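Structure, as C-alpha cells:
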Amino acid sequence: MKTIPQSNQAPETGTFFTRDRNWHPPAFAPGYKSTVFRAPQKPLIAFPNTLSETTGPAFGHDMLGLLDHDLIHNFARAGESAIGERIIVHGKVLDERGKPVPNALVEIWQANAGGRYRHKKEGYIAPLDPNFGGCGRVITDADGHYAFRTIRPGPYPWPNGPNDWRPAHIHLSIFGTGFVQRLITQLYFEGDPLIPRCPILNTIADEKAVAQLVAHLDMDNSEPMDSLAYRFDIVLRGRRSTPFENRMEGN
Amino acid sequence: MLKETPSQTAGPYVHIGLTPNFAEITGIFPEDAGKTLVNDKTPGERIVIEGRIIDGQGGVIKDAVVEIWQADHLGLYNSPYEPRGHADSNFTGWGRCATDMQTGEYRFETIKPGRVPFADGRIQAPHANLWIVARGINIGLQTRLYFSDEAEANAEDPVLSRIEHRARADTLIARRAGDAYTFDIYLQGENETVFFDI
Ligand SMILES: [Fe+3]
C-alpha cells in the first residue's frame, strides 16, 4: 500500500466545532419507544477531526432532473398533479457561523396530503395518491438557497403510546462539505397543535431547539392563486477558520 | 454563533427519501444516490464490505440506511476539501445502502482504502467511515471500520489506541473472508460497537 507523503506544512481545512449534543435529542429517550433498544449505551469516544471527518462527498447540479424539486409533479401522470395544499418550502443552508453553504444536497421525503407514505411497511388506512411519490432533492445555489414545491403532508397516527399522532412534517437529509456535518432532521409547520404533543419532538430538551424545527409561513414568497410558502433555514456545523481556508474554497 | 439544526430520527420510511428506487418508487430518480462507488477503471484492491445492524434485543434491524465515506487506494478523499491532491476520478468514495428488508444485510462493493494522516501527522490505519440512521436513532451514529488483515497498522492507529478497552477496539475490526469483510454493528450490549463524537 502506497501512502501519500505529507509535509509538516500540509494544508488542512478547518476542523468542525464540537457538536452540542444537549441541543440534539438524546439517543436514549423512552418517550419515543423505538430508541430503547437502538440507543448506544456506552459513552461516545471523541478525537480531533482528521481528513476523514473534514472531507465529504460533493454533488453536482448536473445530477438533478427537471422535476426533482417538484413533488407535486415528479411522480404524477402527464397533465396531472398531486392532491393537497400546494406549498413552496424554501430557505438557506448556513453553517454555525452564518455562512451560506452552496452546493449542499438536500433530500426530502414525506407522507401525502392524507398522511400516508408510499412504502411497503406503511399500514395507515388513508389512501395513496396515485400522483404522489413523496421524495425530491435539490442542491443549494451559490447563496446557499434551496426551494421545493410540494403538497402539505397530513398528520398520521403511529404505534408508540395508545394514541400518538405525528404533526405534519417533512423529513430532510442534508450534506455539508464534511462527512461529520451529515444531518437528518424534520420540518414542522407553524401553528400545528400536534407539535407540543409529539413524543419525537418532545425528546428535545430545549424548547428553542424545537422552535428551530418549525417552518414559518412566508407570505412574501407565496404565489398568488397558486401556492403558500414556508421558510425553513437549516444550520450545519461550522468550520474553524484556518490560514488555508480561502485557498480551499477557491478549489 | 447559530445553533446547529437539531437532528431528528430518519423514521421507518427513510428509504422513500434516500433510496426511493429500493423502496419501489421508480421513475423519479434514475438511480439511487450512492449505489455504486467503483467502476471498471477504479484502481485498487476490490473488496466487499457487508454486515448487519443488531439492536439491544439481538434483533437484526431491517429499516436502516448506512452511508460509507472512504479514501481511494492512495488515501485521498474525493472531496473539494481534500487539500493533498485529487482522488482518483473513478472512485466516488461515498456510498449509501439500505439494509435488506428481509435479511437486514447491507453491502458495499468498494476498494481497500489507502492510509490517511491523523491530526498530528501520524498515519492512520486504513479505515472507512460509516454513518447509520434508522427509526429509533435520534441522531446519526458515526463509527469507523478497520480491516482484520491490517493488524500492524491497526496496532499503531491513533484512533484505535484511544479506546481504552482492547475488546472495545475490536468492535471496529471487520473480519476478512476471501474478498469480503464482515462488519456487524451492535447498537447495545456486551459487544456494543464503538461510536464516535467527532
Ligand atoms: Fe414521517
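Chain order of the listed sequences is A and B.
If you read the first sequence in the working numbering, its first letter stands for residue 971, the second for the next number, and so on.
If you read the second sequence in the working numbering, its first letter stands for residue 39, the second for the next number, and so on.
Just so you know, even glycine gets a beta-carbon here, dropped at the ideal spot from N, CA and C.
As the structure is a prediction and not an experimental result, all values here were calculated from the model.
A direct Cα-to-Cα measurement between P1097/A and I175/B gives close to 28 Å.
A direct Cα-Cα distance of roughly 43 Å separates Q1156/A from E190/B.
Look at the beta carbons and you see the segment 1177–1194 of chain A not touching the segment 1098–1113 of chain A: under three pairs across the two are nearer than 8 Å.
Shown in chain order are the members of the segment 186–213 of chain B whose Cβ falls below 8 Å from a Cβ of chain A: P196, V197, R200, I201, R206. When C-beta atoms of the segment 203–215 of chain B are compared with those of the segment 1029–1043 of chain A, fewer than three pairs fall below 8 Å, so the two segments do not count as touching. Between the beta-carbon of R1207/A and that of F987/A there is about 6 Å, and that keeps the pair under the 8 Å contact cut. Between V1071/A and K41/B, the CB-CB gap reaches or exceeds 9 Å. Within 8 Å of the C-beta of G49/B there is at least one heavy atom belonging to ligand 1. Under the 10 Å beta carbon count, L198/B is surrounded by 16 or more other beta carbons and is classified as buried. Relative to ligand 1, the nearest heavy atom lies less than 8 Å away from the CB of Y1087/A. The segment 159–174 of chain B and the segment 995–1013 of chain A touch, with no fewer than 3 CB-CB distances between them shorter than 8 Å.
For K1062/A, the enclosing beta strand (DSSP E) starts and ends at 1056–1065. With a cutoff of 8 Å, R1136/A counts as near ligand 1, since its C-beta is closer than that to a heavy atom of the ligand. Per the coordinates, the alpha-carbon of P1169/A lies some 43 Å from the alpha-carbon of R153/B.
A straight-line Cα-Cα distance of about 9 Å links G123/B and N116/B.
Using a Cβ-Cβ cut-off of 9 Å, K73/B does not count as an interface residue toward chain A, since no Cβ of chain A sits closer than that to its own.
C-alpha of F60/B to C-alpha of G113/B: approximately 31 Å in a straight line. For Y184/B, the closest of F221/B, E228/B, R160/B, V52/B by C-alpha to C-alpha distance is F221/B.
Around I63/B, the same chain offers I54 as residues with beta carbons nearer than 8 Å, after the five sequence neighbours per side are excluded. Using a C-beta cut-off of 8 Å, the segment 1025–1040 of chain A makes no contact with the segment 1083–1094 of chain A, since fewer than three inter-stretch Cβ pairs fall below that distance.
Membership of V197/B in any alpha helix (DSSP H) is not indicated, and neither H nor E is assigned to it by DSSP. A heavy atom of ligand 1 is found nearer than 8 Å to the CB of A1081/A.
The CB of V1150/A comes closer than 8 Å to the CB of Q180, I236 in chain B, given here in chain order.
For D990/A, the closest alpha carbon among the candidates L1021/A, E1066/A, P1027/A, M1189/A is that of E1066/A. Inter-segment contact for the segment 71–83 of chain B and the segment 140–151 of chain B is present: three or more beta-carbon pairs are separated by less than 8 Å. For S117/B, the chain A residues whose C-beta falls within less than 7 Å of its own C-beta are T1025, G1026, P1027, A1028, listed in chain order. Around the beta carbon of G1148/A, a 10 Å sphere encloses 16 or more other beta carbons of the protein chains shown; the residue is thus reported as buried. DSSP places L210/B within a helical segment (H, G or I) once states are collapsed to three. A193/B is not a Cβ neighbour of S1143/A, given a cutoff of 9 Å.
According to the DSSP assignment, T74/B belongs to no beta strand (DSSP E), since it is labelled neither H nor E. When DSSP states are grouped into helix, strand and coil, G55/B belongs to the helix group. A straight-line Cα-Cα distance of about 45 Å links I1053/A and R1210/A.
Taken in chain order, the whole beta strand (DSSP E) runs of length 3 or more contained in the segment 145–172 of chain B are 165–171. Any Cβ of chain A closer than 9 Å to the Cβ of Q140/B would place that residue at the interface, and such an atom is absent.
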